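For what it's worth, this note's numbering labels the leading residue of the sequence shown as 161, then goes sequentially.
C-beta: ideal position from N, C-alpha, C; glycine also.
The model shown is predicted, which means the values in this text are computed figures rather than measured ones.
Data first, discussion second: the structure below is written as structure tokens.
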Amino acid sequence: DWNMPDYIAEAVASIRQQVGDDEVILGLSGGVDSSVAAALIHRAIGDKLTCVFVDHGLLRLDEGKMVMEMFGKNLGVKVIHVDATDQFMGHLAGVTDPEAKRKIIGREFVEVFQAESGKLKNAKWLAQGTIYPDVIESAGKGKKGAHTIKSHHNVGGLPETLNLKLLEPLRELFKDEVRELGAALGLPHEMVYRHPFPGPGLGVRILGEVKKEFADLLRRADAIFIEELRNTKDADGRSWYEKTSQAFAVFLPVKSVGVMGDGRTYEYVVALRAVQTQDFMTAHWAHLPHELLGHVSNRIINEVRGINRVVYDISGKPPATIEWE
Ligand code: XMP
Numbered sequence: 161d162w163n164m165p166d167y168i169a170e171a172v173a174s175i176r177q178q179v180g181d182d183e184v185i186l187g188l189s190g191g192v193d194s195s196v197a198a199a200l201i202h203r204a205i206g207d208k209l210t211c212v213f214v215d216h217g218l219l220r221l222d223e224g225k226m227v228m229e230m231f232g233k234n235l236g237v238k239v240i241h242v243d244a245t246d247q248f249m250g251h252l253a254g255v256t257d258p259e260a261k262r263k264i265i266g267r268e269f270v271e272v273f274q275a276e277s278g279k280l281k282n283a284k285w286l287a288q289g290t291i292y293p294d295v296i297e298s299a300g301k302g303k304k305g306a307h308t309i310k311s312h313h314n315v316g317g318l319p320e321t322l323n324l325k326l327l328e329p330l331r332e333l334f335k336d337e338v339r340e341l342g343a344a345l346g347l348p349h350e351m352v353y354r355h356p357f358p359g360p361g362l363g364v365r366i367l368g369e370v371k372k373e374f375a376d377l378l379r380r381a382d383a384i385f386i387e388e389l390r391n392t393k394d395a396d397g398r399s400w401y402e403k404t405s406q407a408f409a410v411f412l413p414v415k416s417v418g419v420m421g422d423g424r425t426y427e428y429v430v431a432l433r434a435v436q437t438q439d440f441m442t443a444h445w446a447h448l449p450h451e452l453l454g455h456v457s458n459r460i461i462n463e464v465r466g467i468n469r470v471v472y473d474i475s476g477k478p479p480a481t482i483e484w485e
């Protein structure tokens with residue numbers, strides 16, 4: 161319940177006081193939290209903030225372009241774009257176990273980030289988009305030693321070995337407050353109200369071994385699904401994108417038979433997943449209209465050569481998780 165311009169002024173003053181004349185680096189992921197943190201810190205210290213955007217080759221379609229345009233072009237934030245696709249793909253080759261994949265992606269991410277930040281000799285601070293629920297969650301883990309079902313890698317978990325002081329200006333905010341703040345700082349509505357995207361990205365949405373070829377197919381199918389969800393509008397003006405908490409495509413590395421023209425095809429399958437949830441601990445599958453699903457399926461099969469079958473996931477959590485890995 162605070163007044164936004166006052167809040168921004170206060171936060172800006174406090175960041176300036178904390179960092180003084182030091183330089184700050186921040187790992188930009190394309191997600192809401194790191195984006196809002198970047199916009200806020202940039203408002204406070206301008207060019208003394210440098211963002212590092214690591215592309216592991218497992219991002220959504222045009223994610224890199226979007227981030228560079230929004231921050232680099234529109235907001236004038238210094239962003240270093242690192243394309244580390246080959247490095248990640250190399251280390252992921254032959255690895256099928258979901259947790260092993262997460263570990264590799266997390267480890268390589270830290271390595272790439274560390275190498276980049278090492279080049280910024282004057283940086284004294286590492287900024288992170290940690291929000292209040294993250295603070296609570298990690299405190300809880302420490303106390304109860306809660307076991308992990310999935311080890312959640314996030315941009316947040318960067319190493320102490322960087323020898324940088326931590327700057328976490330969103331630590332006291334809940335998600336809806338972070339969104340409000342982002343909008344007030346001039347971030348576009350679509351960015352601020354984006355569905356969450358896991359740190360390991362498409363790495364956990366390509367079942368089994370990750371290959372660049374699979375990531376390229378999945379990116380295109382996923383983009384069609386999201387575009388069509390955004391293009392819907394119900395009586396109260398809300399789209400299915402807004403009415404779902406998370407929606408995405410999953411690549412299944414199995415081939416099935418299809419027909420196209422006079423020919424027989426033997427190609428991959430994509431599953432669509434869309435869920436509604438308050439806290440992501442439990443979730444319902446979204447009852448998307450059949451016409452919408454049919455239209456998305458037609459578009460994917462017609463436009464993404466290499467995929468000839470689309471299925472819809474109607475599993476709740478529990479027992480199924482939201483991601484397939
Ligand atoms: P599950 O699949 O466990 O997902 O039902 C619950 C929420 O967590 C996200 N998720 C992750 N986020 N790193 C992340 O940053 C991960 O490894 C990871 N695994 C799952 C998932 O997208 C959903 O929002």
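Whole-angstrom distance between residue j and residue i, CA atom to CA atom
i: Gly232; j: Leu186; result: 14 angstroms
i: Gln288; j: Gln274; result: 14 angstroms
i: Phe374; j: Val464; result: 11 angstroms
i: Tyr292; j: Tyr353; result: 18 angstroms
i: Ala407; j: Asp473; result: 11 angstroms
i: Asn391; j: Asp382; result: 14 angstroms
i: Pro348; j: Leu324; result: 31 angstroms
i: Gln438; j: Leu452; result: 24 angstroms
i: Ala197; j: Val419; result: 49 angstroms
i: Ile482; j: Pro258; result: 14 angstroms
i: His450; j: Ala431; result: 15 angstroms
i: Asp181; j: Leu235; result: 21 angstroms
i: Lys261; j: Ala395; result: 43 angstroms
i: Ile175; j: Ala446; result: 41 angstroms
i: Arg339; j: Gln178; result: 23 angstroms
i: Phe440; j: Phe334; result: 15 angstroms
i: His455; j: Gly254; result: 35 angstroms
i: Asn163; j: Asp336; result: 14 angstroms
i: Leu330; j: Asp193; result: 8 angstroms
Nonlocal neighbours in the same chain, by C-beta distance under 8 angstroms from residue i, ignoring five residues either side
i: Glu168; result: In the sequence as presented, Glu is not what sits at residue 168; that position holds Ile. The residues are Leu200, Arg203, Leu341, Ala344 and Leu345.
i: Glu183; result: Lys208, Leu209, Thr210, Leu280, Asn282, Ala283, Lys284 and Trp285
i: Val212; result: Ile185, Leu186, Gly187, Leu188, Val239, Ile240, Val242, Phe273, Glu276 and Ser277
i: Leu367; result: Val410, Phe411, Leu412, Pro413, Trp484 and Glu485
i: Arg459; result: Ile384 and Glu388
i: Ala480; result: Asp473
i: Gly191; result: Gly289, Val315, Arg354, Pro356 and Phe357
i: Lys393; result: Ser399
i: Ala146; result: Residue 146 lies beyond the range of the chain shown here (161 to 485); nothing can be said about it.
i: Lys303; result: Because Lys303 carries a pLDDT of 44, less than 50, the predicted location of this residue cannot be relied on, and no value is offered for it.
i: Ile265; result: His216, Leu218, Phe248, Leu252, His313, Gly359, Pro360, Gly361 and Gly363
i: Glu332; result: Tyr292
Rounded Cβ spacing between residue i and residue j (contact assumed at less than 8 angstroms)
i: Gly361; j: His216; result: 6 angstroms
i: Met351; j: Met228; result: The Cβ separation is near 13 angstroms, so there is no contact.
i: Thr290; j: Glu369; result: At roughly 33 angstroms, the Cβ-Cβ gap does not stay under 8 angstroms, so Thr290 and Glu369 are not in contact.
i: Met249; j: Lys372; result: 5 angstroms
i: Arg433; j: Leu221; result: The Cβ separation is near 17 angstroms, so there is no contact.
Sequence-distant residues of the same chain with beta carbon closer than 6 angstroms to residue i, five excluded per side
i: Lys477; result: Thr442 and Ala443
i: Asp417; result: Residue identity check: residue 417 is Val in the sequence provided, not Asp. Cβ neighbours of Val417 beyond the five flanking positions: Tyr426.
i: Ser457; result: Val470
i: Glu328; result: Gln288 and Thr290
Neighbourhood of residue i by C-beta, 7 angstroms cutoff - its chain only, sequence neighbours within 5 removed
i: Ser298; result: none
i: Lys415; result: Tyr426, Glu427 and Tyr428
i: Leu448; result: Trp400 and Ala434
i: Ile461; result: Ile467, Asn468 and Val470
i: Val172; result: Arg203 and Ala204
i: Glu223; result: Gly190
i: Leu377; result: Phe411, Tyr428, Val464, Gly466 and Ile467
Q. In chain order, which continuous runs of the alpha helix (DSSP H) of length 4 or greater are located wholly inside the stretch 388–446?
A. Runs of the alpha helix (DSSP H) lying entirely within the stretch 388–446, each at least 4 residues long, are 400–403 in chain order.
Q: Say whether the stretch 423–433 touches the stretch 465–479, bearing in mind that this needs 3 or more beta-carbon pairs closer than 8 angstroms, one atom from each stretch.
A: Verdict: yes, contact present.
Q: Jot down the residue ranges of each uninterrupted beta strand (DSSP E) in the stretch 227–254, minimum 3 residues, whole runs only, in chain order.
A: Runs found: 238–243.
Q) If you scan the stretch 163–234 from start to end, which runs of the beta strand (DSSP E) of 3 or more residues do you find wholly inside it? A) Counting whole runs of 3 or more residues, the stretch 163–234 contains the beta strand (DSSP E) stretches 183–188 and 209–215.
**Q.** Segments of 4+ residues assigned as alpha helix (DSSP H) that fall wholly inside the stretch 344–372
**A.** Entirely contained in the stretch 344–372, the alpha helix (DSSP H) runs reaching 4 residues are, in chain order, 349–352.
**Q.** Whole runs of the alpha helix (DSSP H) within the stretch 257–303, excluding any shorter than 4 residues
**A.** DSSP runs (the alpha helix (DSSP H)) wholly in the stretch 257–303: 258–279.
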